[in-house]
Structures are given as structure tokens and as C-alpha cells.
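Sequential numbering from -5 applies to the sequence shown in this note's numbering.
Below is one structure, written out as C-alpha cells, with a few remarks after it.
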Amino acid sequence: MSTPIEGFITQMPKVELHVHLEGSVRPETLIQLATKYNVALPAKNLDELKDWYTFKDFDHFIEVYMAISGCFRHADDIELIAREFLIGQAAQNIKYSEVTFTPYSQFVNSGLGFHEQMDAVNRARLWAEKELGVQMAVIVDIPRLISSEEGDIIADWLIERYGDGMLIAMGLGGPEKGHPPIKFKSAFDKVRKAGIPCILHAGETQGPESIWQALEVADSQRIGHGVRAIEDPKLIAHLREKQIPLEVCPTSNICLKVYPSIAEHCLPQLLKEGLYITINSDDPPMFNTTLTNEFLQLEKHFGWDSELLEKLTLNAIRASLLTDSRKQEMLTSFQSEFARLRSQYLG
Ligand SMILES: [Zn+2]
């Protein structure tokens, strides 16, 4: 039996800005694909997968992530995981998602072409829009371990494809340490010149310097994670003044040991500082979470009420890359849905 606020959280309409397509693969599907392609994963069943998903540190996480990417060999696999992802989003009433996708990994692993992969995601996107009533857009990211020349290749791909109605931005993910944004300056310059926004991961395993660079080198429109901004009062003041949105992923931060527990997470402090916060799930099955669960945890540990949860949700709409008219439409419909749910669950 769930409490009224839990019912409210489960049913409330949501938007997600920081979630990875490959990192959202269902465990069952991953095992199936690994079996199909004879990929020797360290985990052969769901129980073993649970152990494999217990991360020692960020490098271990990247190792697992790369192994997962190696299981996507055909465009059909990409379409399948995108469809299953969208089914999961729809089940949580996540009306719109800006999904990070790393086609370069599949390109290197199995020669899958960029457009072939994007076409597969687009088929799933159009299907979900029609059948499930949920929408998505794609942020194509540079995995930090590649060379800057390879980053340029991804920039060229994006420029060629931009304007397809699905591709909205360039991202940067993977291990921050040793691979600062400046390494890919030429790729960011290229895409920005073509009018494509950048949204970088920064300030997760590395400190404030990484966030400063994401802003300076790529004019990052939002910061993926960004939680370690808390270590630099000047940066906090800058983020507050510019209201640059942070995509905070609480459970991910615990699983990857950025903070020891939700109770000790700096989120309440970031809010108190007047920063622009959105809540996200990052790689939900890998962290045994969902966006709904993130909100449930915040309510449980910090006692956040329905007004704050609504504010954080509307924050995500405003921080999205939707057009102003779509944002306005969505804000209006979310607000009336929140009012209805509030009277239904919280009287
Ligand atoms: Zn991420």
C-alpha cells in the first residue's frame, strides 16, 4: 500500500533531461543480446548482473558501460532498446525525454553507421509518439576516452543530421578525469558555429574546474550533474546569477560514490543556494532506479512536498530544448494535471 504522496509521485507527469539510451537497456534484453552475439559478459543471468552492476568506482562503471555497448550490433538492436526505453518512460508518465546517445561506441565496436543508428532511434521515437503518447529528442555525446580528432568526426555527423526533428544537441560523457572539455574544443566550436547547442557532463567525479571549462569552452546550456559546484562559492554565484540548469542524478551519485548516501547528498544545499535544479535518473537499470524512484527518495529523505516536486518538474520543461510554444503548452497541461492529482491524493 503506498502513501498518498507516493501515489502522487507515481502518477505525476514528468520530463527527463539526463538519461542515457544504452545505459537504460533492460537487463533481460542485455542478456538476450549478449547470448545472441556470443558476447562473454561477466554476468550470465539477472542475479549475476546485479553483482556486475555494483560499481567499485567510476572506471569500473565505464568498463561495464563499454561491455554493454558491445552488445548492440545491428540497427534492430538499437530500435529495440529505444522502444523498450520509451515503454519504461511512458509507464512513469514521463511525457518528454532528452536522451543521451553515444553512436560512436557502436560505430567502433560493430561498424554501425551513424545515420543507420539514428534512423533506428527515430523509428522507435515515431512509434512511441503515436502508440504511447510520449516524445523524445536526442543528445549525441562524445565519449571522453576517444581522441579529439574522433570528436571532430562526431561533430561532422551532427552538423550533417541537425534539423531532423530529433537531434537537438551535442553532449560530452565518460570519465572526466584526464579528459577535460578543452580536449574537444574544436568539435564544440564546429557544432556551435552550425547553431547546435552543447550540454556537457561536468562536476561529477571532477570538481568545479570541470564545470567552469564546460561553460567557457562549450557554452554548455545545462550541466550534466554539476553537483560539485558546491565546492566553489564563485561558481555557485555564477550558476545562480545565470540560472544555468543542473541535471542532478541523486542515485547515480551514490552508486558511483560521489556522495555516500542520499541523506548526505548536497541537493538541499544547492536548492538553498538558489540554483536551477532538475531531477534525473542517468542510467536507471544500472543504478537500480527510475525517475519515479528518484522523486520518491527525495520525498522520503528530505520530506520534499508536492509543491517542490512540481516546481522541479516544471524546471525540467523550461530547461529543455523544446520550442517556447511547446514549453508553454506543456507547462499549462502539467499545471492542471498537478492540480488534479493534488486534490485526488492530498485533498
Ligand atoms: Zn550521464
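No residue lacks a Cβ here, since even glycine has one placed at the ideal position from N, Cα and C.
Own chain partners of residue i with C-beta closer than 6 Å, once the 5 adjacent residues on each side are dropped
i, result
"Val9", "Tyr90, Ala310 and Ile311"
"Lys179", "Val211"
"Tyr270", "Gln237 and Pro239"
"Gln83", "Ser91 and Val128"
"Tyr47", "Met280"
"Leu292", "Trp298"
"Gln329", "none"
Any non-hydrogen atom of ligand 1 within 8 Å of residue i CB
i, result
"Asp276", "yes"
"Cys243", "yes"
"His195", "yes"
"Ser327", "no"
"His14", "yes"
"Thr94", "yes"
"Ser246", "yes"
"Gly220", "no"
"Gly167", "yes"
Rounded C-alpha distance that separates residue i from residue j
i, j, result
"Asp226", "Phe55", "27 Å"
"Val93", "Gln338", "31 Å"
"Lys266", "His173", "31 Å"
"Glu255", "Val128", "First, the residue type needs correcting, since residue 255 is Ser and not Glu in the sequence shown. Straight-line Cα distance between these residues: approximately 32 Å."
"Ala257", "Cys249", "14 Å"
"Ser18", "Arg334", "31 Å"
"Glu16", "Glu144", "20 Å"
"Lys50", "Cys260", "21 Å"
"Phe289", "Ser314", "19 Å"
"Leu316", "Leu24", "31 Å"
"Glu110", "Leu194", "24 Å"
"Asp213", "Ile3", "34 Å"
Pair within 9 Å by beta-carbon distance, residue i and residue j
i, j, result
"Glu304", "Asn274", "no"
"Pro191", "Gln207", "no"
"Met164", "Asn116", "no"
"Val33", "Cys65", "yes"
"Ile75", "Arg20", "yes"
"Ile136", "Leu106", "no"
"Thr245", "Thr283", "yes"
"Ser(-4)", "Met60", "no"
Contact set for residue i: own chain, Cβ-Cβ below 8 Å, skip 5 residues either direction
i, result
"Pro169", "Phe52, Asp53, Ile56, Arg138, Leu139 and Thr199"
"Leu229", "Pro202, Ile205, Trp206 and Ala223"
"Ile153", "Lys184, Val185, Ala188 and Ile190"
Cutoff 7 Å; reference residue i; Cβ partners in own chain excluding five residues on either side
i, result
"Leu306", "Ile271, Thr272 and Ile273"
Ligand 3 heavy atom lying under 8 Å from the CB of residue i
i, result
"Gly189", "Ligand 3 is not part of this structure, which contains only ligand 1."
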